[in-house]
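Residue numbers (my numbering): 149 to 214. Below is one structure; the comments refer to it alone.
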C-alpha cells in the first residue's frame, strides 16, 4: 500500500511539474544586435519596433553624446 501511494504521489508530482510548462507565451523577446554611431555594440531585447527605437535613442544619448 505504501508503494502504491508513493508511486501515485511521484506520478502526480511529475505530471504537475510538466503541466505548468504548457502556457503559451504571447510576447517573445527578440535579441537584436545593434551598433551605435560611436561604435558601441550590443544586444537589445525588444518586443516591438517602437521599443527598439526607444532603446536605441536612449543608448545613443547615454553612450555617444559628449
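No residue lacks a Cβ here, since even glycine has one placed at the ideal position from N, Cα and C. Bear in mind the structure is a predicted one, so any value in this text is a computation, not a measurement.
Selection from the options that minimises the alpha carbon distance to residue i
i	options	result
residue 192	178, 185, 186	178
Counterpart residues of residue i in DSSP-defined beta bridges
i	result
residue 194	178
residue 189	183
Distance between residue j and residue i (C-alpha atoms, nearest Å)
i	j	result
residue 210	residue 197	20 Å
residue 188	residue 213	12 Å
residue 206	residue 194	14 Å
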